[in-house]
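Below: the structure, in C-alpha cells.
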Amino acid sequence: MDAGALAHLRVVEVGSGLAAAHAAKLLADLGADVVKVESPGGDVTRRLGPFPGGRPDPEASGLFLYLNANKRGVVLDLDAGSDRTRFGRLLDGADLLLHDVEPAKLAGYGLDPEGVLRGRPRLVAASISPFGLSGPYRDYKAYDLNLWNAGGIACLNGGGPGTDALPPLRTFGYQAMFQAGLNAAIASLGALYARDGSGTGQHVEISVQECLVTILELTYPFWPYCRLITSRLGYKPIQPLDFFACRDGWVFLCAVEEHQWKTFVEVMGDPAWAGVEMFADRLQRAAHWDALKPLIADWMAGQTVAELYGMLQRRRVPIAPVSTMGDLLSSEHLAARGFFVSFAHPHAGRHRMPGAPYHLTRTPWALRRPAPLLGQHTAEVFAEGARS
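Start counting at 1 in the sequence shown, then tack on 6, and there's your number in our numbering.
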C-alpha cells in the first residue's frame, strides 16, 4: 500500500470531544501516524453510538469507528502524575498535538500554550475550545447545540413561509464540531508548513464559535450594502424555487427562468391554470405562490422521483432529488467512484463507511486500519518511545 501524503508526521490527539477527533481523522486518512490518547474510561464517542443491533458496546460505536479509523490508541490517565510524564514523552516525539481539552484543565495537564511548547521548539500544538482561550466566554462549557446557536446559524436555518416566527432550528448531528475539526486540520497543516521553513513550531487556537461565524456566507454584506437584516429564506421574490413531494420521495425544483417555466408547463401537459394572468411571470408567480404551489404539488404527487428527474433533466429544467441515506448507499455514481469503503472490526463486524471526498493520484487516501480497541496500542507505542 502506498504511503499517505502525511506519512512523515506523528500526531498526538487528546480530548473527549468530536472536534479534535475529526481533525486528527482528516490527517490520519492522509497517512499521518495518529496516536489517540484516551482516558481509562474511554472516549465519550464510544458511548454515543449508533451500535450494531442497537446494543450498546463501547468498542462498536459507529461514530467512534468512523472518527478513529487509521489511528492507533493508547490509554493514559492525565490526572495521574506518572501518566502525565509518559504523555510528555509522547509529545517529545510528536510533530503535532491536537486537543479539545477544556481551558480550565490545560495548565494542570501541561497543555497550556506556553507549557506544552517549552522544550519542544518544533512542536505545533492546536487547541480547540468552544469560545477560544481568551475573552469573557473562555471558560464556558458548551455543546454542539449551544455552539450552533452561538454561531448565529440556528436563526437562519430552515425555510418556508412564516419561518421567522418559528423557534431557532438546529441541524442534524454534530456539525459544529465537524466544522471546528476541519478548521483545526487546515490551520495545523499551515503551521506545520511554516515550521518546515523556519524550524520552529507554534500554538494554533481554534474557537468553535468563530468557525461557525465564518460560514454565515452573505449575511454580513446585506446590511452595509442593502440595509437588510438577513433572515431565513421564507418568502422568495421569484418562483418556482421550492420542495415538492412525489409518489416515492421529494425533489427540489428551480424553474425561475421564463424558458424553464415554459418547458416545465409543457412537461406537465400545458394545464389551463398555467396560462392565467396571475402566473404570467416569475414575479407574479412569487406574489401568488400560495395559489400556485398547490397546483404544481398536485401534479408532482403523481410522479416518481426518477420519472420526474429524468423528464426535466432531459429538458434542461433544474431539479434535484432529495437523497435519503438509503439513496446514497445505493447510489450507482458513488459506487462507481468507490466512495464507500468496507472494513472489518473485531466487535462491530463488517461495515461500510464514507471514504474521502478527494482523490490523490500519487499518495491516495486509504483505510489502513480500523479504529482501535481501548488501549490497543499502548504497549506498542511506548515501546517505540523506549527504543528511540
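For each residue, glycine too, the CB sits at the ideal point set by N, CA and C.
These numbers come from a predicted model, not from an experiment.
Nearest-angstrom Cα separation, counted from residue j out to residue i
i	j	result
alanine 30	lysine 111	21 Å
leucine 24	leucine 218	15 Å
aspartate 49	valine 80	11 Å
tyrosine 231	glutamate 223	14 Å
serine 337	arginine 343	10 Å
glycine 412	asparagine 152	As shown, the chain starts at 7 and ends at 394. That puts residue 412 outside it, with no answer to give.
arginine 144	proline 363	34 Å
histidine 383	serine 88	18 Å
valine 273	methionine 317	7 Å
valine 387	phenylalanine 178	36 Å
proline 227	glycine 332	39 Å
arginine 393	glycine 99	With a pLDDT of 46 at arginine 393, under the threshold of 50, the predicted position of this residue should be treated as unreliable, though the coordinate-derived value follows. If I take the Cα positions, the gap works out to 12 Å.
alanine 307	alanine 297	16 Å
glycine 5	glutamate 65	In the structure as shown, the chain starts at 7 and stops at 394, and residue 5 therefore has no counterpart that could be examined.
threonine 269	aspartate 287	14 Å
glutamate 120	glycine 114	13 Å
valine 282	aspartate 304	17 Å
alanine 377	aspartate 35	12 Å
threonine 330	alanine 341	16 Å
glutamate 313	valine 323	13 Å
Residues near residue i by beta carbon distance below 6 Å, same chain, minus five either side
i	result
alanine 190	Ala29, Ala132, Ile134, Ile212
tryptophan 267	Ala261
phenylalanine 249	Trp256, Phe258
alanine 280	Val271
aspartate 106	Gly21, Gly23, Ala25, Ala26, Ile134
Residue i - DSSP class collapsed to helix/strand/coil
i	result
methionine 274	coil
isoleucine 244	coil
cysteine 5	Only positions 7 to 394 of the chain appear in this structure, which leaves residue 5 out of reach.
glutamate 223	coil
serine 394	Low confidence applies to serine 394: its pLDDT is 48, below 50, so where it sits in the model is not reliable enough to give any reading.
isoleucine 134	strand
valine 282	coil
leucine 104	strand
leucine 259	strand
glutamate 211	strand
glutamate 216	helix
arginine 16	strand
glutamate 65	coil
Cross-strand partners of residue i (DSSP beta bridge)
i	result
serine 329	In the DSSP output, where bridge partners are listed per residue, serine 329 has none listed.
phenylalanine 346	Pro360
glycine 355	His351
histidine 383	DSSP lists no partner for histidine 383.
glycine 79	Lys42
Top-ranked residue by Cα proximity to residue i, from the options
i	options	result
glycine 116	Pro136, Asp101, Arg95, Arg128	Arg95
valine 214	Pro174, Glu264, Asp150	Asp150
histidine 357	Leu335, Arg16, Ala182	Leu335
alanine 38	Asp63, Phe70, Ala75	Ala75
valine 40	Pro119, Gln290, Val347, Gly10	Gly10
alanine 385	Leu36, His14, Val43, Leu33	Val43
tyrosine 180	Arg126, Pro327, Arg375, Ala26	Ala26
alanine 156	Phe184, Glu216, Gly47	Glu216
Sequence-distant residues of its chain with Cβ nearer than 7 Å to residue i (five each side left out)
i	result
cysteine 161	Pro174
alanine 354	Pro58, Ala66, Leu71
histidine 14	none
Distance cut-off 7 Å: residue i Cβ against heavy atoms of the ligand FMN
i	result
proline 119	As presented, the structure is devoid of all ligands, the ligand FMN included, so that no description of it is given.
Own chain, CB closer than 8 Å to residue i, minus 5 neighbours either side, in chain order
i	result
leucine 348	The residue asked about is misnamed: residue 348 is serine in this sequence, not leucine. Excluding residues within five positions, the ones whose Cβ falls inside 8 Å are Arg356, His357, Arg358.
glycine 4	Lying before the first or after the last residue shown, residue 4 is absent from the chain, which here runs from 7 to 394.
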